[in-house]
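For the sequence shown, our numbering begins at 208 and goes up steadily by one. Beta carbons are placed, not taken as given, at the ideal position from N, Cα and C, and that holds for glycine. Below is one structure, written out as structure tokens; the observations come after it.
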Amino acid sequence: MSLPAPVLLHIPPRERQVIDFQILARFCSVFVVTPNHIKPRRIESSQPISECGTGRERNCCDKHPSCASWARQGECSKNPKWMLPNCQLSCHNCETDSEERSTDEAQCGTGRESNCCDKHPSCASWAGRGECSNNPEYMLTNCQLSCHKCETDSEERSTHKAREFQ
């Protein structure tokens with residue numbers, strides 16, 4: 208079985224383009240193969256590819272146009288590994304400008320809690336919004352200080368319970 212000759216299709220005169228289509232018939236199905244010599248057109252989008260904050264958050268951006276919608280649906284806590292770095296603005300995961308940042312190191316407690324740390328600067332804010340219970344897998348590992356999940360917290364609880372029974 209031989210293939211039919213290419214079919215020429217004329218686009219309306221204002222566009223003045225001629226497009227070759229190869230139509231393949233097989234098993235009562237028709238497949239249309241688009242030509243490889245058509246140049247793609249630039250499509251203007253009403254939504255920006257990246258949206259960034261302003262002022263102190265000007266370096267904080269969403270890398271996907273659906274970030275705001277996903278954040279409203281709770282994806283920042285359901286899928287933090289992808290959402291926090293890619294939807295920083297919508298997930299409120301912004302750091303201040305570099306001159307205002309003291310360090311990128313973890314924030315740790317003092318005294319008995321000096322070994323208990325928050326590994327992200329937004330831990331306290333997230334804990335205040337209930338993320339310790341909403342997203343325990345991430346929060347209890349990375350925000351121990353703000354979630355009050357330090358070894359000293361459990362020691363104090365067990366000591367307090369022991370005193371109650373004496």
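> Would the beta-carbon of P292 fall within 7 Å of that of Y345?
Replying inline: no
>> Going by the DSSP bridge assignment, what does C324 pair with across the sheet?
In response: C315
> What are the boundary residues of the alpha helix (DSSP H) that G337 is part of?
Replying inline: From DSSP, G337 is part of no alpha helix (DSSP H); its letter is neither H nor E.
> Just how far apart, CA to CA, sit C323 and H355?
Replying inline: 9 Å
>> Using only the alpha-carbon positions, how far apart do C294 and E282 sit?
In response: 10 Å
> Would S273 pass as a contact of E338 if the rule is Cβ separation under 7 Å?
Replying inline: No, the pair does not count as a contact, with Cβ atoms beyond the cut-off.
>> Ignoring anything shorter than 4 residues, give me the alpha helix (DSSP H) runs that lie fully in the stretch 266-298, in order along the chain.
In response: 274-279, 282-285, 287-293
>> Between the alpha carbons of L296 and N341, how many angstroms are there, rounded?
In response: 20 Å
>> Measuring only the C-alpha atoms, how far is K270 from C357?
In response: One alpha carbon belongs to K270, the other to C357, and they sit about 34 Å apart.
> What first and last residue would you give for the alpha helix (DSSP H) that runs through N349?
Replying inline: 343-349
> For F228, does the three-state DSSP call read helix, strand or coil?
Replying inline: Unreliable positioning characterises F228 in this predicted model, as indicated by a pLDDT of 37, which lies under 50. A coordinate reading is not provided.
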